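Asks:
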Amino acid sequence: MSKFVTPPEEVNWEELIEMDKKYFLRPISTAKEYSPLPIARAEGPYLVTSENVKILDFMSVLHCANAGAYHPKIAQAIKEYADNFGYLYEGGFLEQMRPKVCKFLIEEAFKGDMARVGFVNSGSEAVEYALMIARVYTGKPYVITRWYDYHGWTAGAVANTIIPYLRDLAIKPTKPGEVPDIKTPVGGILPYTAIAPPPYCYRCPLGHTYPDCKDRKGMLACINILKELILAYQPYVAAVITEVVQGSCGVFAPPPEYNPQLRQITK
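Just so we're aligned: 42 in our numbering is position 41 of the sequence shown, and the numbers increase by one with no gaps anywhere.
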């Protein structure tokens, strides 16, 4: 067992909480607000507290662990791989798993809808990678995003994250302890970003009511606005970046026509 890991029954959680408060950097909460819940282990979709209380995690940790916080097959696969490699640079070396995983993702998971895949460390980095590829491939600078979209914390990702509080927190200077004005829509946003209305039917920002918002061809009003944005910024639009379901503002699921229509106008 690692020298850093102590059997759960021997853990001094009070000491660890104080250590955590002293040494861990918390970018989105103040010291007074921070009060971590001790978690001893995970069992599939359950988080088990230090008092052995099971919590069913409906958020998939942070909308990203769709196999749960712990899955024995995944843990075993990671262990087997780590027994052979700690780190191997992808630029000049090849091991046996990468081409197999790429082939599976392209042919089985995406069913041929993508040509190639790359691997990065986080969602934010994936967004940066995608933005870079889109701009290099098209030679165009503009990216169209939407209100209430969350795409990450790095510079390009946060520029396309149109949640006022989160984006201002990341890139708008404030005084210590000051909470940014959540009514401020833009705080130091990077150039070449245009913003479209979201498919938020519960409180439509365009004042429509679904499904009466469709035109004679069945196109949604928010899709038509997005299309007009693309045409307005032509020939400078490299990409449209979206969330299939907007998660960080309350899980806004779009109407069923939205994503197919979005794909139709961006092909």
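Every residue gets a Cβ at the ideal spot worked out from N, C-alpha and C, and that includes glycine.
Remember, predicted model here, so these are calculated numbers, not experimental data.
Once you ignore the five residues that flank M115 on each side, which residues in its own chain have a CB closer than 7 Å to its CB?
Replies: Against the sequence shown, residue 115 aligns to sequence position 114. Excluding sequence neighbours, M115 sits near I107.
Asks: Starting from R217, trace the alpha helix (DSSP H) in both directions and tell me its first and last residue.
Replies: Locating residue 217 in the sequence shown gives position 216, counting from the first residue. R217 -> no alpha helix (DSSP H), and no H or E assigned at all.
Asks: Apart from the five residues just before and just after G251, which ones in its own chain have a Cβ nearer than 6 Å to its Cβ?
Replies: Sequence index remark: in the sequence shown, residue 251 carries index 250 (1-based). Correct list: empty, nothing qualifies.
Asks: Quick one: give me the first and last residue of the beta strand (DSSP E) that L89 is part of.
Replies: Here residue 89 refers to the residue found at position 88 of the sequence shown. Counting along the chain, L89 falls outside any beta strand (DSSP E), and DSSP gives it neither H nor E.
Asks: Excluding sequence positions up to five away, which residues of its chain have a Cβ less than 8 Å from the Cβ of Y259?
Replies: On the sequence shown, residue 259 is found 258 positions in, with the first residue counted as 1. Here the set comprises P200, L221, C223 and I224.
Asks: When you compare only the Cα positions, how much space is there between Y203 and E52?
Replies: Locating residue 203 in the sequence shown gives position 202, counting from the first residue. Locating residue 52 in the sequence shown gives position 51, counting from the first residue. Going from the Cα of Y203 to the Cα of E52 covers about 40 Å.
Asks: Taking three-plus beta-carbon pairs below 8 Å as touching, is the segment 87-104 in contact with the segment 65-77?
Replies: Judged by Cβ distances under 8 Å, the segment 87-104 makes no contact with the segment 65-77, as fewer than three pairs qualify.
Asks: Could you tell me which whole beta strand (DSSP E) segments of length 3 or greater appear in the segment 26-110?
Replies: Complete beta strand (DSSP E) runs here, min 3: 40-44, 47-50 and 55-57.
Asks: Assuming A197 is part of the alpha helix (DSSP H), what are its boundary residues?
Replies: Against the sequence shown, residue 197 aligns to sequence position 196. Counting along the chain, A197 falls outside any alpha helix (DSSP H), though it belongs to the beta strand (DSSP E) covering T194 to A197.
Asks: Would V118 pass as a contact of A127 if the rule is Cβ separation under 7 Å?
Replies: Counting from one through the sequence shown, the residue named residue 118 turns up at place 117. Counting from one through the sequence shown, the residue named residue 127 turns up at place 126. Their beta carbons are not under 7 Å apart, which means V118 does not touch A127 by this criterion.
Asks: Tell me the residue span of the alpha helix (DSSP H) that contains Y138.
Replies: The count along the sequence shown starts at 1 and reaches residue 138 at position 137. First-last of the alpha helix (DSSP H) with Y138: G124 to T139.
Asks: Per DSSP, what kind of secondary structure is R117 in: helix, strand or coil?
Replies: To locate residue 117, count along the sequence shown from 1; it is residue 116. Three-state DSSP puts R117 in coil, outside helix and strand.
Asks: Would V238 and K141 be called neighbours here (beta carbons separated by less than 7 Å)?
Replies: Within the sequence shown, residue 238 is the residue found at index 237, counting from 1. Within the sequence shown, residue 141 is the residue found at index 140, counting from 1. In contact: V238 and K141 (Cβ atoms closer than 7 Å).
Asks: I'd like the list of long-range same chain contacts for D58, defined as Cβ closer than 6 Å, with 5 residues on each side in sequence excluded.
Replies: On the sequence shown, position 57 is the one that residue 58 refers to. Here the set comprises P46 and L48.
Asks: Is Q265 helix, strand or coil by DSSP?
Replies: By one-based count along the sequence shown, residue 265 stands at place 264. In this structure, Q265 counts as helix in the three-state DSSP scheme.
Asks: Whose CA, out of K215, Y211, K228 and K218, lies closest to the CA of I196?
Replies: Your numbering for residue 196 matches position 195 in the sequence shown. The residue with the shortest Cα to Cα distance from I196 is K228.
Asks: Under the rule that 16 or more other beta-carbon atoms within 10 Å means buried, what is N13, buried or exposed?
Replies: By 1-based counting over the sequence shown, the position of residue 13 is 12. It counts as exposed.
Asks: Compare the beta carbon distance of I226 and P255 with 7 Å and say whether it is the shorter of the two.
Replies: For the purposes of this step, residue 226 is identified with residue 225 of the sequence shown, where counting begins at 1. For the purposes of this step, residue 255 is identified with residue 254 of the sequence shown, where counting begins at 1. Not a contact, by the Cβ cut-off of 7 Å.
Asks: Classify L132 as buried or exposed, calling it buried when 16 or more other Cβ atoms lie within 10 Å of its own Cβ.
Replies: The sequence position of residue 132 within the sequence shown is 131, counting from 1. Label assigned to L132: buried.
Asks: Straight-line CA distance for Y138 to A233?
Replies: On the sequence shown, residue 138 is found 137 positions in, with the first residue counted as 1. On the sequence shown, residue 233 is found 232 positions in, with the first residue counted as 1. Y138 and A233: Cα-Cα distance of roughly 21 Å.
Asks: Kindly indicate which residue of K22, E34 and A66 has the alpha-carbon position closest to the one of A43.
Replies: Counted from its first residue, the sequence shown places residue 43 at position 42. Minimum Cα distance to A43 is reached at A66.
Asks: Excluding sequence positions up to five away, which residues of its chain have a Cβ less than 8 Å from the Cβ of Y130?
Replies: Residue numbering aside, residue 130 sits at position 129 when the sequence shown is read from its first letter. So the qualifying residues of the chain are G119 and V121.
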